[in-house]
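Numbering (the UniProt record's numbering), first residue to last: 1 to 216. Backbone N, C-alpha and C fix where the C-beta goes; we use that ideal spot for every residue, glycine too. Every value quoted in this text rests on a predicted model; they were computed, and no experiment measured them.
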């Protein structure tokens, strides 16, 4: 086994912030007799500014955009606040260091967002390094975040396994030269992941199931 480190994405991979966000936006659309389609929403998962949901709402809503967004953000944050980590992921994260592997995080979100939830769930100290949107010029699907995380660890890309939930994230990791395993959630499982990427449908198999997807 060549793997020396596991690099996790955060949103949707460790904590499913993506499903609540989509659900609340979808409810807002329906209040105005519009439909927010999952395939459109998926374009923006794991990246930044790839899909603007405001464009699908009536002009009257956009004119009150600030107030609407504040209410929406409050509702989304409240739901996430009440949410637990994805089933089994804590067990996987707890197993990485005892297995002699290193652990890092690479996310298109900003550092404040990520550290807030890592601290809430007692995970911050698990990670040797965090690569966030604040640290790079381009987020996923560009490989820069993963390249930075690998460089900070002092490793080679082929020595690292990226754990992702989205097409944009997996594309970024693969472009950086990492092994990739996809663990999709409710809003990403229908994305067109490449067959050469590993895939498991949850964390119930533990760290061993993730590592078993690596092809030497």
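Taking 8 Å as the threshold (C-beta atoms), are residue 91 and residue 206 in contact? Yes; because the gap between Cβ atoms is below 8 Å, this pair is in contact.
Restricting to Cα atoms, I'd like to know which of 96, 126, 94 and 80 is closest to residue 113. The shortest Cα separation from residue 113 among 96, 126, 94 and 80 belongs to 80.
Using 8 Å as the cut-off, can you tell me whether the segment 154-164 makes contact with the segment 124-136, which would need three or more C-beta pairs spanning the two stretches below that distance? No: the two stretches stay apart, fewer than three of their Cβ pairs being nearer than 8 Å.
May I ask you to report which of helix, strand or coil DSSP gives residue 44? The answer is helix: DSSP assigns residue 44 an H, G or I state.
Which residues in the same chain have their Cβ closer than 7 Å to the Cβ of residue 61, if we skip the five residues on either side of it in sequence? Answer for residue 61: 32 and 68, listed in chain order.
Checking 8 Å against the spacing of the C-beta atoms, do residue 172 and residue 142 come in under that value? Yes.
Taking three-plus beta-carbon pairs below 8 Å as touching, is the segment 8-20 in contact with the segment 91-109? Here the segment 8-20 makes contact with the segment 91-109; the two share three or more CB pairs at distances below 8 Å.
If you follow the beta strand (DSSP E) that residue 102 is in, where does it begin and where does it stop? From DSSP, the beta strand (DSSP E) with residue 102 extends over 102-106.
Give the C-beta separation of residue 181 and residue 200 to the nearest angstrom, bearing in mind that I take them to be a contact with Cβ-Cβ under 8 Å. Contact check for residue 181 and residue 200: beta-carbon distance about 6 Å, within the 8 Å limit, so the pair qualifies.
At a cut of 8 Å, does the segment 26-41 reach the segment 50-61 through at least three beta carbon pairs? Output reads yes: the segment 50-61 touches the segment 26-41.
Quick check on residue 130: does DSSP put it in helix, strand or coil? Residue 130 carries a strand assignment under DSSP once its states are collapsed to helix, strand and coil.
Check this for me: beta carbons of residue 192 and residue 155, under 8 Å apart or not? Not in contact: residue 192 and residue 155 (Cβ atoms no closer than 8 Å).
For residue 198, write down the residues that DSSP places opposite it in a beta bridge. Residue 198 pairs with 181.
Nearest to residue 87 by CA position, among 73, 30, 101 and 183, is which residue? The shortest CA-to-CA distance from residue 87 to any of 73, 30, 101 and 183 is the one to 183.
Which residues does DSSP pair with residue 6 in a beta bridge? Bridge partners of residue 6: 103 and 161.
Reference residue 101, options 3, 74 and 115, closest by Cα: Among 3, 74 and 115, the Cα nearest to that of residue 101 is on 3.
Can the beta-carbon of residue 177 be found closer than 8 Å to that of residue 46? No. Outside cutoff.
Which partner residues does residue 15 have in the DSSP bridge list? Partner(s): 11.
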